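Worksheet for the structure shown next.
Number of protein chains: 4
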Amino acid sequence: MIIVIKANPTDAQVQEVEAAVRSFGYEPRTIRGVERTVVACIGDERKHHTLETLTILPQVEEVIPIQKKYKLVSRESRKGDSTISIGNLRIGNGTFHVVAGPCSVESLEQTIAAAKAVKRAGATLFRGGAYKPRTSPYDFQGKGREGLDYLKQAKAQTGLAIVTEVMAPEDVELVAAYTDVLQIGTRNAQNTPLLTACAESKKPVLLKRGFASTIQEWLLAAEYICAGGNEQVILCERGIRTFETATRNTLDVSAIAVAKKESHLPVFVDPSHAAGRVDMITPLARAGIAAGADGMLIEVHPNPAAAWSDGAQQLKPEQFEKLMKDIEPFVNVCGKKLAATG
Amino acid sequence: MIIVIKANPTDAQVQEVEAAVRSFGYEPRTIRGVERTVVACIGDERKHHTLETLTILPQVEEVIPIQKKYKLVSRESRKGDSTISIGNLRIGNGTFHVVAGPCSVESLEQTIAAAKAVKRAGATLFRGGAYKPRTSPYDFQGKGREGLDYLKQAKAQTGLAIVTEVMAPEDVELVAAYTDVLQIGTRNAQNTPLLTACAESKKPVLLKRGFASTIQEWLLAAEYICAGGNEQVILCERGIRTFETATRNTLDVSAIAVAKKESHLPVFVDPSHAAGRVDMITPLARAGIAAGADGMLIEVHPNPAAAWSDGAQQLKPEQFEKLMKDIEPFVNVCGKKLAATG
Amino acid sequence: MIIVIKANPTDAQVQEVEAAVRSFGYEPRTIRGVERTVVACIGDERKHHTLETLTILPQVEEVIPIQKKYKLVSRESRKGDSTISIGNLRIGNGTFHVVAGPCSVESLEQTIAAAKAVKRAGATLFRGGAYKPRTSPYDFQGKGREGLDYLKQAKAQTGLAIVTEVMAPEDVELVAAYTDVLQIGTRNAQNTPLLTACAESKKPVLLKRGFASTIQEWLLAAEYICAGGNEQVILCERGIRTFETATRNTLDVSAIAVAKKESHLPVFVDPSHAAGRVDMITPLARAGIAAGADGMLIEVHPNPAAAWSDGAQQLKPEQFEKLMKDIEPFVNVCGKKLAATG
Amino acid sequence: MIIVIKANPTDAQVQEVEAAVRSFGYEPRTIRGVERTVVACIGDERKHHTLETLTILPQVEEVIPIQKKYKLVSRESRKGDSTISIGNLRIGNGTFHVVAGPCSVESLEQTIAAAKAVKRAGATLFRGGAYKPRTSPYDFQGKGREGLDYLKQAKAQTGLAIVTEVMAPEDVELVAAYTDVLQIGTRNAQNTPLLTACAESKKPVLLKRGFASTIQEWLLAAEYICAGGNEQVILCERGIRTFETATRNTLDVSAIAVAKKESHLPVFVDPSHAAGRVDMITPLARAGIAAGADGMLIEVHPNPAAAWSDGAQQLKPEQFEKLMKDIEPFVNVCGKKLAATG
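Protein chains in written order, with the numbering used here: chain A, 1 to 342; chain B, 1 to 342; chain C, 1 to 342; chain D, 1 to 342.
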């Protein structure tokens, strides 16, 4: 930490800061500059109390942390890229995986139809929501346990690995029994009991970035899971909330590149939720791949116009097939290759 | 809903939209304008499927919802202001209540000292976190159950009603047994299983606005609790995330005024989390009161410099006493009066 | 400046940074910590080249400026509050001034009617736009020079000081000849040739905050005017752009309090542009006053429903009269008093 | 426009709205729904007064514009893509152009060195700022007219077309005499006198998106130029201001795709200003290309560590050469080809 002291402090004021720094277990080194005096504090910021509290001293102008708070997820912990194993699939090793399926599972028929369609087009993982976080209590809240059964049957019939969202810590064990990957949604990006419960499940986790999380907060959410003993985390950028309303969210492609640089974990892109509109999914998918994504997540529904949720952003099977063709050259020029199905 | 059709549609394209609208249970009324054709759809948007899904039709430019999604929390449901009862206290009836206490409860001594101090200065409710949502897994996570005990003893010794945060649905029953008001924090503003569990508890709920929630989303979160059978909800504005970094969050005083206009529920202001710095708490408290708040929440710690969390924004007891004096005239010119203790 | 070096640098890497720091005229002081090495750079950041450029060295993680870039506008330059003189009026000395009038001046009749109405209700300055910055080229662009004439006649008939916006450097001389205060609008908050031209005019300047300017950028815009030899600057907070759409902008009351703390310049609040809707103007005006504003700016039109611009946020004269009564007790409890007219 | 009336209006209230609508030259069509009554207003929104002003009627809940305000820049005006001619270069016809050069021109030597370096690596246009919009008055403000001379000599020696920023309407004629393309910077995105002056110059204009402009506002800024008689506009996305601080701005790749869909104008991407850091330029350049950009703008300096402005985001010549190689395959898979030099 660096503590910046206001202009022209008295010696006593500087000494008070130094004493406070020492009382927290850090060693102060004071440097008097032309207009400001700074106290550099030596000590591991993760092992001691934060010094930000010292801003309450009247002579302190600012306390600046200089050490990153995440450790296990960082490149300083592991230089190479992590690979996550899901059955026979390997995520993050240069193959590009596509997770596809409907926003919500609505019926067995719809689920199976969607799973077969996305498999045919080249997806290697199937997604579908059984527990749905909806803005309004009057919107469809998901089929719950029954929906998990649909997913299980979809896996039985297609062999696709299953990704589904879990919303409450007490559901983690049940959901984990039915699925290959636990998804933590954007609204739960800082739901620490849920992060911890997913850590304990030892299942791979697809961690969406919170729609208003900084990249640092997103990596710290991943750190919760890793620190809980589960390093099988896939990060997923899905757009952030900004002033722009032309798209539902603003896809932050920089976040993909920054996360790849800061962390060894694989990073996926979710153009469906970023765009919120079908016509923007292809360019956003391409942009996400070009920024370095290791995989992507796409919403596909057998009949989007009749979807029970998020119809405006779900692709028809034939649109998804076309998307898969449209992205392949971009995957290839990134030096990756599309994962093969079956 | 209003469906806007692109320029110069064919008759068949318009009829396709009309048929789709009818298939969802609405009645279409089409109006051809100079540059755009619009289809007004008659039907209760809360009882039918959303039509937003129709944006996937190529001739549809936009689907515009015109009905508000919240009902129970709205002024259309209840004209007068709701009053929430907490023991002998009445919230929202023209008395102004102050909830004060430390960010975290750290020890029995610290808890009791804080409770006595805030009572002496005029607070009518005591707050303190036993379960803490922290950005980093390496930060102090709260004393948990032991902390609930401290709060219980603080109530026994001071008579103050207790407000504390609950983070997981499975903790609601336990926390409800120890506290008078359940707080739902900003990171859980759209944690629907938690909203539903708090509804079932029948305890009064202090619902913080999500730091990136729109006012509509905040009111819909309250609607979840009301729709779950618990209308004892206090809304609390605590600042939103913007590009400005001089304060930790940007206090959105308009949200207080808009929420008071749209909803019959009481609205509190939390200047401590909005400011994130001690020197801005008084002006933000005054501004929140002036915008129409029914109460406020302030972090107070017997010794902020030694606080285990958020030290930079917690007031010392003597600063809090001064704040109470500073705000009283503002409460009075709003036609309210500060709640009397004891 | 503080330069943060990545983990485990070699001696040569540290020396390279130190040499670069010296080459820019600063003196480096290096401190090796547990996980990071930092180089504190001694020297006046306003007189030397910025060191941020050193982030291009691979061993540099971050360069952190610690000195504020503004000087003349800061409390470090002048402890007491500045007072701006406009004819007989004194701004910033504890009297609270209200600037009121229509968004645009549309005709002589409308201008005079508006000026008389706002004077009657207690405004001490009259505003009206002759040059209008509009989002669309098809919207009304202002009456230009003819509008300046209307304003001159309004002053002749009411004695009110005139505030009007100037948009281009080459118009400053003309506009300055017709007005008492030059307004720089939110879209021109970083239009440096305009800031400089207004500095040269030596007229008082009402400087709106850019709708996406940080407080630091806003103060630096004021610094441009002061550094150009004109210290008669009134800051005006008018709302920032955020994700919230219930109001046209989000009034940032913290910015009023922070600007008052950081700077000696008077700070006004503009609830009309922040709210963008008539029903929110009173609460936002009160909140702005409570946060410490020295004056306010309100749009008033003799017949808002027929206004040529921004009709939705302009008050009718009788609404403005009511507003003046509604705010007076808030001005008084802040220890200020409403400026008396005539 | 659609006017939404509050629940349960009286007939008189509806008639008052209808009469107001007619008085503005629109024809009202009223539809009574279950919970809301809406009045659709027939008439060209660009030719009549806006009806948004009607929100001041107490029975009106909302006024919703349904027509886009831009016309000349839209695909409704011209189906195919526009091509802009700059000397022998054609922009927007499937060749991908790179504009490169230093943030500021600092000396003749630095300018010539930069121009030669970027030409060698494949840029077809040379950029360099002679007039610099800086946040602080104490930062380097550009070499002005002398800088324009450097640019002229750079063109003479390399044959590269010149792009440079103009900041004040009165400078447009001078700058236009020295340059091939006028750049309007992000801080001037809504500086309407400057937009109009650039329109009159008849020079091609590179129009940066405002860092807080919506896509609609950006297109309307372009509409100002086109409506002023100059359709040679190149749009340029350069990142928007959000809460994220890991990059200087957040590159909004969706805006590239949306602008390409809405408008026939060519769209460039500026990864340098979006990233604000050298290590993120390649992924952002690739992402922008993948989203559909027709060209890009990159800051390159012979010696970034000694740059007088924005050193942290300028590439060295050898880094720029590498970038050109890194992007070529992405340009190609988009079905475009890199423009050939000389």
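Every residue, glycine too, gets a C-beta built ideally from N, C-alpha and C.
Quick caveat, the model's predicted, so the values are computed rather than measured.
- Residue 99(A) and residue 270(A) have their C-alpha atoms spaced approximately 9 Å apart.
- The beta carbon of residue 282(C) lies closer than 7 Å to those of 323 and 326 in the same chain, with the five residues before and after it left out.
- The beta carbon of residue 43(C) sits closer than 8 Å to some beta carbon of chain A.
- In the DSSP assignment, residue 54(A) is bridged to no other residue.
- Excluding its 5 nearest sequence neighbours in each direction, residue 300(C) has C-beta neighbours in its own chain below 7 Å: 100, 101, 102, 114, 117, 118, 314, 315, 317 and 320, listed in chain order.
- Excluding its 5 nearest sequence neighbours in each direction, residue 251(B) has C-beta neighbours in its own chain below 6 Å: 239, 274 and 284, listed in chain order.
- The beta carbon of residue 244(D) falls within 8 Å of a beta carbon belonging to chain A, placing the residue at that interface.
- Annotation note: the segment 36 to 99 of chain B contains the following uninterrupted beta strand (DSSP E) runs of length 3 or greater, listed N- to C-terminal: 37 to 42, 60 to 64, 84 to 86 and 89 to 91.
- When secondary structure is reduced to three states using DSSP, residue 286(A) falls in the helix class.
- For residue 253(A), the uninterrupted alpha helix (DSSP H) segment begins and ends at 253 to 262.
- For residue 161(C), the enclosing beta strand (DSSP E) covers residues 161 to 165.
- A direct Cα-to-Cα measurement between residue 163(A) and residue 75(A) gives close to 27 Å.
- By a beta-carbon distance limit of 8 Å, residue 84(D) contacts residue 92(D). Their separation comes to about 6 Å.
- Under the DSSP assignment, residue 217(A) falls in the alpha helix (DSSP H) whose first and last residues are 215 to 227.
- In the DSSP assignment, no residue is bridged to residue 6(D).
- Look at residue 106(D) here: in three-state DSSP terms it is coil, with no helix or strand label.
- Under the DSSP definition of a beta bridge, residue 268(D) partners with 236(D) and 295(D).
- For the segment 198 to 215 of chain B, the set of positions with a beta-carbon nearer than 7 Å to some beta-carbon of chain A reads 211 and 212 in chain order.
- In the assembly as shown, residue 88(C) is an exposed residue. Its beta-carbon has fewer than 16 other beta-carbons within 10 Å.
- Going by C-alpha positions, residue 308(B) is about 7 Å away from residue 106(B).
- Across the segment 135 to 147 of chain A, CB contacts with chain B closer than 8 Å involve 135, 136, 137, 138, 139 and 141, in sequence order along the chain.
- Look at residue 320(D): its C-beta is not under 8 Å from any C-beta on chain A.
- A contact is defined here as three or more CB-CB pairs under 8 Å, and the segment 182 to 193 of chain A meets this definition with respect to the segment 201 to 220 of chain A.
- Taking the C-beta atoms as reference points, residue 124(A) is found no nearer than 8 Å to residue 154(A).
- Contacts with chain A (Cβ-Cβ distance below 7 Å) from the segment 163 to 179 of chain B involve 167, 168, 169 and 170, listed in chain order.
- The Cβ of residue 292(B) sits closer than 8 Å to at least one Cβ of chain C.
- Interface criterion not met: the Cβ of residue 92(B) is under 8 Å from no Cβ in chain A.
- Listed in chain order, the non-local C-beta contacts of residue 6(C) below 7 Å within the same chain comprise 59 and 61, local neighbours out to five positions each way being set aside.
- Shown in chain order are the members of the segment 274 to 298 of chain A whose Cβ falls below 9 Å from a Cβ of chain D: 274, 275, 279, 280, 282, 283, 284, 285, 286, 287, 288, 289, 290, 291 and 292.
- When C-alpha distances from residue 287(A) are compared across 331(A), 22(A) and 156(A), the shortest belongs to 331(A).
- With respect to residue 268(A), residue 289(A) sits apart: the two C-beta atoms are not nearer than 8 Å.
- Residues of the segment 2 to 23 of chain B whose Cβ lies closer than 9 Å to any Cβ of chain A, in chain order: 20 and 23.
- For residue 155(A), the enclosing alpha helix (DSSP H) starts and ends at 145 to 158.
- About 7 Å separates the CB atoms of residue 205(A) and residue 181(A); that is less than 8 Å, so the two are in contact.
- If you compare the alpha carbons of 291(B), 150(B), 41(B) and 52(B) with that of residue 306(A), the shortest gap goes to 52(B).
- Neighbours of residue 260(A) in chain B, taken as residues whose beta carbon is under 9 Å from its own, are absent, since the nearest beta carbon is some 21 Å off.
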